[in-house]
Amino acid sequence: MLTILQIPVLTDNYIYLIHDPVSKETAAIDPALAPPVLEVLDKKGWRLTYIFNTHHHWDHVGGNLELKQETGCKIIAARSDSDRIPGIDVGVGDGDVISLGSHTAKIIATPGHTSGHIVYYFANEDALFCGDTLFVMGCGRLFEGTPEQMYQSLQKLQALPPATRVYCTHEYTQANGRFALSIEPDNGQLQQKMIDVQQLRAKNQSTVPSTIAQESATNPFFRTDSLSIQKTLGLEHQSPVQVFTELRKRKDTF
Ligand code: ZN
Ligand code: FE
1 MLTILQIPVL
11 TDNYIYLIHD
21 PVSKETAAID
31 PALAPPVLEV
41 LDKKGWRLTY
51 IFNTHHHWDH
61 VGGNLELKQE
71 TGCKIIAARS
81 DSDRIPGIDV
91 GVGDGDVISL
101 GSHTAKIIAT
111 PGHTSGHIVY
121 YFANEDALFC
131 GDTLFVMGCG
141 RLFEGTPEQM
151 YQSLQKLQAL
161 PPATRVYCTH
171 EYTQANGRFA
181 LSIEPDNGQL
191 QQKMIDVQQL
201 RAKNQSTVPS
211 TIAQESATNP
221 FFRTDSLSIQ
231 KTLGLEHQSP
241 VQVFTELRKR
251 KDTF
């Protein structure tokens with residue numbers, strides 16, 4: 001099993017450190033900053049082998065160069081973003097497989113938030129590191145993609161096994177949940193999830209990871225086929241992409 005550590009940084013970012021106790025290899029996923037990562041590495045006695053980036057935004061790559069300089073780690077990121085990922089060593093694309101010790105992750109391209117966005121899926125660990133594509137009860141804003149693209153990207157993630165743990169990069173859960181409830185107030189699982197989330201946040205605890213199963217039950221962007229959601233939007237029996245487009249538009253101004 002991989003050890004997965006979550007490091008909260010900035011206002012609402014999470015950096016993940018994943019460590020294979022057998023090979024001793026360690027990867028940092030989306031290090032916004034270097035110092036908090038170096039501190040944990042030091043405390044754990046781990047050496048950084050890799051950085052895995054999901055996309056080029058500063059709050060995901062800000063620590064790249066300092067970490068590389070301090071540890072000699074190799075940086076893996078989307079090949080199509082080679083010119084905007086600081087320090088990139090290995091470019092990867094959809095369907096590629098990378099490894100950490102004997103563990104492997106499949107790269108899935110999820111354009112929408114940015115054109116080059118990728119996610120890392122460790123099937124044997126039931127772990128998905130999805131950056132700013134999928135959030136707990138939400139999804140990323142469309143900076144460089146169309147609603148259609150983002151919808152297709154999210155479909156790929158929803159198709160993963162229900163037990164897959166969803167490790168996203170931001171603690172946006174409470175705001176996402178408020179929006180979700182405004183759109184689908186009669187969803188009992190969503191109501192319960194919000195109670196659980198409020199309790200966690202009141203104690204300043206993380207609501208991440210979620211699971212694909214929980215997202216399928218509560219995340220409006222995974223629920224474009226819900227008649228209740230379609231009714232709220234006035235889009236009964238419209239196409240999933242039309243429903244998705246309207247949801248994303250409403251969330252942007254919620
Ligand atoms: Zn981003
Ligand atoms: Fe971000």
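Numbering (the working numbering), first residue to last: 1 to 254. Where a beta carbon is used, it is the ideal one built from N, C-alpha and C, also for glycine. Please read these numbers as outputs of a predicted model, since none were measured by experiment.
Would you kindly check if the distance between the Cβ of residue j and the Cβ of residue i is under 7 Å?
i      : j      : result
Ala28  : Val37  : yes
Leu2   : His103 : yes
Pro31  : Leu67  : yes
Val228 : Glu171 : The sequence as given places Ser at residue 228; Val does not occur at that position. Not in contact: Ser228 and Glu171 (Cβ atoms no closer than 7 Å).
Arg201 : Gln174 : yes
Tyr151 : Val243 : no
Thr218 : Leu190 : yes
Asn187 : Phe135 : no
Gly75  : Asp89  : Note on identity: in this sequence residue 75 is Ile, with Gly being the wrong assignment. Yes, Cβ-Cβ distance for Ile75 and Asp89 is below 7 Å.
Asp126 : Ala163 : yes
Gly112 : Gln149 : yes
Thr133 : Thr110 : yes
Thr71  : Trp46  : no
At a cut-off of 6 Å, is residue i close to the ligand ZN when judged by its beta-carbon and the heavy atoms of the ligand?
i      : result
His57  : yes
Asp132 : yes
Any heavy atom of the ligand FE within a distance shorter than 6 Å of the CB on residue i?
i      : result
Thr173 : no
Thr169 : yes
How many whole angstroms separate the CB atoms of residue i and residue j, which I take to be in contact at a CB cut-off of 8 Å?
i      : j      : result
Tyr167 : Cys130 : 7 Å
Ile85  : Asn124 : Contact doesn't hold; Cβ gap of about 27 Å is too wide.
Leu160 : Leu128 : 6 Å
Gly63  : Leu33  : 5 Å
Leu157 : Phe221 : Rounded, the Cβ-Cβ distance is 10 Å, inconsistent with contact.
Pro8   : Tyr14  : 6 Å
Taking only three categories from DSSP, how would you classify residue i?
i      : result
Val166 : strand
Phe143 : coil
Ile88  : coil
Tyr16  : strand
Phe254 : coil
Ser115 : coil
Pro220 : helix
Leu154 : helix
Ser23  : coil
Provide the residue(s) that pair with residue i in DSSP beta bridges, ordered along the chain.
i      : result
Asn204 : In the DSSP output, where bridge partners are listed per residue, Asn204 has none listed.
Val97  : Lys106
Gly138 : Phe135
Gln6   : Tyr16
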